[in-house]
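*Asks:* Residue numbers (our numbering), protein chains in the order written: chain Z, 1 to 334; chain Y, 335 to 777.
In this text, a Cβ means the ideal position worked out from N, Cα and C, and glycines have one as well.
Here it is, the structure, as C-alpha cells.
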C-alpha cells in the first residue's frame, strides 16, 4: 500500500513566510527610496547601496565565520536593516561611517542577540544612534534637496525644519520669523526639505504604510498610536501657545516621525505582541519624541524614543496580554 | 455588515469542490467495523458476541454512563469478531466487526421518504429517544446529544443555535444536508426546541452558502421562532463559542459551557439525526460524508453507513489519485491524518480529504520573528507563541495561568505562522500535561 504522511492538524498553511514579510517591507520602502533618489540624487544611491551591501555582508560573515551556521542573508531582513539604516543617514555621509554604522547595526544590534527575531532593539536605530553620538558633525549636516542631486560628499548643505525650529527657539527669535524660514506644508508633505535620506517624503512613506497594511505585514496599531499621540500632544501645546509651539501638522511632516512610526517602531522583534501593548508602546514613543523635540537638547527624538520604548517591550509583553475570549462577560457578571 | 465572531480568525482557501454534488447513497459494504467509542465520554459496552445475528438499527453496544452513547448496528448480518482496531485517530480502540448479510432493518424503523412533521412526544420523551438513538454531535466533537439537552439544575436555555457554518475548507456535507433535507432538519430543530423549552432558534450559516441560506429562509417561514443568521466567512466560526458570539454577541467564559450564557448549540446534521430518531425511530447508523481533494476525479457527498472503511469512500470518487500524500478524516484545519485507509467512518466523520503530495508536508520551521500574527489569529485571545514556549520548557503553572486549556486546537496559529512553527503541536502537549495536573488537583 501507498505510504501516507501522518502529521497533526492543521494540514494547510496560509503560505505566509519570513521572506514574504521581509521583501514586502522592502517593496513598501521603494516609494520612499525613489523620493530619496529624486531629491538627493547620487548621494541617496551611494548611501543606500553601501548600507545594504555592508549589512548583508556583515550578516553573512558573522553567521558563517563566528556563529558557524548557514547564512541567513536570503531571508531579506539584512536588506531591510540596510535600507532603514541608509534612510536614517544624511546623503553626504562618508562611506567609512556607513560601513561602521552597518557593522554596529548588524553586529551589535542584531547578531549578538542571535539574529532575526531575537534583537531587543531596532538594529538600524542602534547603528544610527551609534553614529549620531560618535560623529555628531557628519550626522547633522544635511544636503539641500534637489540642489545636491549631482554631488555626494561635497553637497551643499542646509538645516532641517526641526533644527531651524530648535535653533530659532534657543536664540529667542520671534516665532513668526522662525516659521517663515521653514518650508510650506505642501513642501514638507512632498519632501522638499533637508533631512535624512529616507525620512523626508511623507507621501511616499504613507504609500508604504498603506501597502504594508493591505498586505497584512503590519497592523495599524503602532503607526497610529505613535502618530496619534504626537498629534494630540503637540496639538495641545499648540492650542496653549501657538506662538511658542509649532502646529501638530508641522511635527507630523518633519523629521523622522513618519519613517519611525511606519518602518522603525514596527520592527517585529523589538515591538510588543498584543495590540493593547502595541498601542501603549506607540503612545510611549510619541510622547518621548515630543518631549525631546520640544524640551530636549536634540531637535529630533524619534530614534531615541523608539530605542527607549524597545527596552520596555519585555515588560509590556508581560503585563499587556490580549483580551481572552469570555473575559468581557465574566467581568460583567462578577 | 455581516455578523461574525469578535476575536481572531483566519480565512483559508475555501475549496468547496463538492458543493454542487447531490448526496449519493453508497452501497452497504461487505463488512463494517464499529468502534465502541465514537463519542466523547465513556465507551459503550458491547451487548453482542461473536456469531450473533444482528439487524440494522439493533443496539450492539450500550451507553455506559451519563456521558456516553448507544451504538447500533448499521447493517444486518453476523458479528464476526470483537477486536482492537486502529481508528481514524490512530489509537487502538475496541470495535465490533460485522459481516453483512442482506439488508434487514428492525421492524419499528420507518424507512419511508415521507416527512413526518407532527410532534407528539413530550420533552422528556424526546430526550429519552435521542439518548436511545445514540445521537452525538455530528460536527466533529461528537458530544452525546442527550447530555446537552439536559441542562444542569439552575441553568436554563434561552436560545438554541444551529451550526450550519461548515467553516472547514473543502467540507460540504452540512451544506448538502441543508439543501436536501432542510425540511426534516427544521422538524429536528423544533424537536430540540421542545426538548429544551425554548421558543427561539437561530441557524447560523456562512455567506459562502447562499443557496442554503435562501432555501432554509424560505422553509423557516412556516416555523415559529426559527431564524436564519447569515455569517461572514471566517474560520473557526463553527467553534461553539465563536458561533454563539457571532449569533447573539455573548461570550462563554473560560472553562464554562454554552449554557452559562443561555445557549445550546447543535450541528444541523445533529438536528437531522434527531428528526430521524424521534419521528422515524431510526437510530444513528449512517451519515453524510464529503469525499474530496484537489486531485480527486469526482469529489462528492455520500450517505454512508457507519463502519464503512474509508477506502470504500475513496473508491467511490475514482480511487486514490497517483499524487496522494496524505488522507485526512475531517477537514484540513482540524481533521486527523490517517495512517491506514481501513479506518472506519464513525459518527463524527464529516469528510475524507485527499491531499496531493506536493502540499502534504509542512514547510521548514524557522525562528519566531515575533510578527504577532498568531496572537492576532487566535480566536480565544491567547498568545500561541508564549504557550508554545511554556509547553516546550515545561513551565506548566504559567501555561495554566495563560489559559492554555482554553485552546480548542483550531489550528489558526500554525496556519498563519510565517515561520511554520509547530505552535499547535506544542500547545497540545502542554494541554495534556496541564490537564493532568488540574485533574490530579481535584482528586
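Using the Cβ count rule (16 or more neighbours within 10 Å means buried), how would you classify residue 242 of chain Z?
*Replies:* Classification of residue 242 of chain Z: exposed, given that the 10 Å Cβ count is below 16.
*Asks:* Does DSSP put residue 369 of chain Y in a helix, in a strand, or in coil?
*Replies:* It is a strand residue.
*Asks:* Who are the neighbours of residue 658 of chain Y on chain Z, taking C-beta pairs under 8 angstroms?
*Replies:* Correct list: 2, 4.
*Asks:* I'd like the span of the alpha helix (DSSP H) that includes residue 293 of chain Z, first residue to last.
*Replies:* Residue 293 of chain Z -> alpha helix (DSSP H) spans 275 to 295.
*Asks:* Apply the 10 Å Cβ neighbour rule to residue 186 of chain Z and answer buried if 16 or more other Cβ atoms are within range, or exposed otherwise.
*Replies:* Label assigned to residue 186 of chain Z: exposed.
*Asks:* Helix, strand or coil, according to DSSP, for residue 334 of chain Z in the structure here?
*Replies:* The predicted model places residue 334 of chain Z with a pLDDT of 38, which falls under 50 and marks its position as unreliable; any figure quoted below should be read in that light. Reduced to three states, the DSSP call for residue 334 of chain Z is coil.
*Asks:* Using a 10 Å radius around the Cβ and a threshold of 16 neighbouring Cβ atoms, would you call residue 170 of chain Z buried or exposed?
*Replies:* Result: exposed.
*Asks:* Would a check of beta-carbon distances place residue 7 of chain Z closer than 9 angstroms to chain Y?
*Replies:* Yes, residue 7 of chain Z lies at the interface with chain Y (some Cβ there is under 9 angstroms from its Cβ).
*Asks:* On the three-state DSSP scale, how would you describe residue 12 of chain Z?
*Replies:* Correct three-state label for residue 12 of chain Z: coil.
*Asks:* Using a Cβ-Cβ distance under 9 angstroms, would residue 209 of chain Z count as near chain Y?
*Replies:* For residue 209 of chain Z, the answer is no, since every Cβ of chain Y falls outside 9 angstroms of its Cβ.
*Asks:* Does DSSP put residue 533 of chain Y in a helix, in a strand, or in coil?
*Replies:* If DSSP states are grouped into helix, strand and coil, residue 533 of chain Y belongs with coil.
*Asks:* Does residue 332 of chain Z pass the burial test, meaning 16 or more other C-beta atoms within 10 Å, or should it be called exposed?
*Replies:* Low confidence applies here, because residue 332 of chain Z scores a pLDDT of 44, under 50, leaving its location unreliable; read the following figure in that light. That one is exposed.
*Asks:* Based on DSSP bridge pairs, tell me the residues matched to residue 406 of chain Y.
*Replies:* In the DSSP output, where bridge partners are listed per residue, residue 406 of chain Y has Y:393.
*Asks:* Is the beta carbon of residue 336 of chain Z less than 9 angstroms from the beta carbon of residue 99 of chain Z?
*Replies:* Coverage of chain Z is limited to positions 1 through 334, which leaves residue 336 of chain Z absent and any answer about it impossible.
*Asks:* Do residue 679 of chain Y and residue 639 of chain Y have their C-beta atoms closer together than 9 angstroms?
*Replies:* Yes.
*Asks:* Taking three-plus beta-carbon pairs below 8 angstroms as touching, is the stretch 357 to 374 of chain Y in contact with the stretch 577 to 587 of chain Y?
*Replies:* With a cut-off of 8 angstroms, the stretch 577 to 587 of chain Y and the stretch 357 to 374 of chain Y do not count as touching, because too few Cβ pairs lie within range.
*Asks:* For the beta strand (DSSP E) containing residue 19 of chain Z, list its first residue and its last residue.
*Replies:* Not the beta strand (DSSP E): residue 19 of chain Z falls in the alpha helix (DSSP H), residues 18 to 40.
*Asks:* So, residue 191 of chain Z versus residue 575 of chain Y, is the Cβ gap smaller than 9 angstroms?
*Replies:* Contact flag unset, no.
*Asks:* Just to confirm my understanding: we take residue 532 of chain Y, look at its own chain, exclude 5 residues before and 5 after, and list those with CB closer than 7 angstroms. What are they?
*Replies:* If we look at residue 532 of chain Y and ignore the five residues flanking it on each side, its Cβ neighbours are 491, 492, 493, 494.
*Asks:* Under 8 angstroms between beta-carbons, which chain Z residues line up against residue 694 of chain Y? List them in chain order, please.
*Replies:* Those within 8 angstroms of residue 694 of chain Y in chain Z are 5, 11.
*Asks:* Quick check on the burial criterion: 16 or more other C-beta atoms within 10 angstroms. Buried or exposed for residue 244 of chain Z?
*Replies:* The residue is exposed, with fewer than 16 neighbouring Cβ atoms inside 10 Å.
*Asks:* What residues from chain Z crowd round residue 654 of chain Y, counting only those whose CB sits closer than 8 angstroms?
*Replies:* Those within 8 angstroms of residue 654 of chain Y in chain Z are 2.
*Asks:* Output the boundary residues of the beta strand (DSSP E) element that contains residue 419 of chain Y.
*Replies:* Segment 411 to 420, the beta strand (DSSP E) holding residue 419 of chain Y.
*Asks:* Sorted by chain position, which residues of the same chain lie with C-beta nearer than 8 angstroms to residue 514 of chain Y's C-beta, five sequence neighbours on each side aside?
*Replies:* Excluding positions up to five away in sequence, the list reads 356, 357.
*Asks:* Jot down the residue ranges of each uninterrupted alpha helix (DSSP H) in the stretch 608 to 696 of chain Y, minimum 4 residues, whole runs only, in chain order.
*Replies:* For the stretch 608 to 696 of chain Y, whole alpha helix (DSSP H) runs of length 4 or above, ordered along the chain, are 644 to 650.
*Asks:* Within 9 angstroms of any Cβ in chain Z, is that where the Cβ of residue 748 of chain Y sits?
*Replies:* Yes, residue 748 of chain Y counts as interfacial toward chain Z.
*Asks:* In chain order, what residues of the same chain lie with their CB nearer than 8 angstroms to the CB of residue 220 of chain Z, ignoring the 5 residues before and after it?
*Replies:* Closer than 8 angstroms at Cβ, skipping near neighbours: 213.
*Asks:* Taking the alpha-carbon of residue 676 of chain Y as reference, which of Y:429, Y:620, Y:562, Y:745 has the nearest alpha-carbon?
*Replies:* Ranking Y:429, Y:620, Y:562, Y:745 by Cα distance to residue 676 of chain Y puts Y:429 first.
*Asks:* Spell out whether any CB of chain Y is found under 9 angstroms from the CB atom of residue 330 of chain Z.
*Replies:* With a pLDDT of 47 at residue 330 of chain Z, under the threshold of 50, the modelled position of that residue is not reliable, and the figure given next carries that caveat. With 9 angstroms as the cut-off, residue 330 of chain Z counts as an interface residue toward chain Y.
*Asks:* In angstroms with no decimal places, state the Cα-to-Cα distance between residue 33 of chain Z and residue 270 of chain Z.
*Replies:* Approximately 23 angstroms between the Cα atoms of the pair.
*Asks:* Per DSSP, which residues does residue 142 of chain Z bridge with? Please list them.
*Replies:* For residue 142 of chain Z, which the question treats as bridged, DSSP gives the partners Z:158.
*Asks:* Can you give me the C-alpha to C-alpha distance between residue 240 of chain Z and residue 81 of chain Z, rounded to a whole angstrom?
*Replies:* Cα to Cα, residue 240 of chain Z sits roughly 40 angstroms from residue 81 of chain Z.
*Asks:* So, residue 394 of chain Y versus residue 413 of chain Y, is the Cβ gap smaller than 9 angstroms?
*Replies:* Taking 9 angstroms as the Cβ cut-off, residue 394 of chain Y and residue 413 of chain Y qualify as a contacting pair.
*Asks:* Roughly how many whole angstroms lie between the Cα atoms of residue 543 of chain Y and residue 563 of chain Y?
*Replies:* For residue 543 of chain Y and residue 563 of chain Y, the distance between alpha carbons rounds to 12 angstroms.
*Asks:* Find the nearest neighbour of residue 295 of chain Z within the set Z:58, Z:63, Z:237, Z:317, judged by alpha-carbon distance.
*Replies:* Of the listed residues, the one whose Cα sits closest to residue 295 of chain Z is Z:237.
*Asks:* With a threshold of 16 other CB atoms inside 10 Å of the CB of residue 459 of chain Y, please say whether the residue is buried or exposed.
*Replies:* By the neighbour-count rule (16 or more Cβ atoms within 10 Å), residue 459 of chain Y is not buried but exposed.
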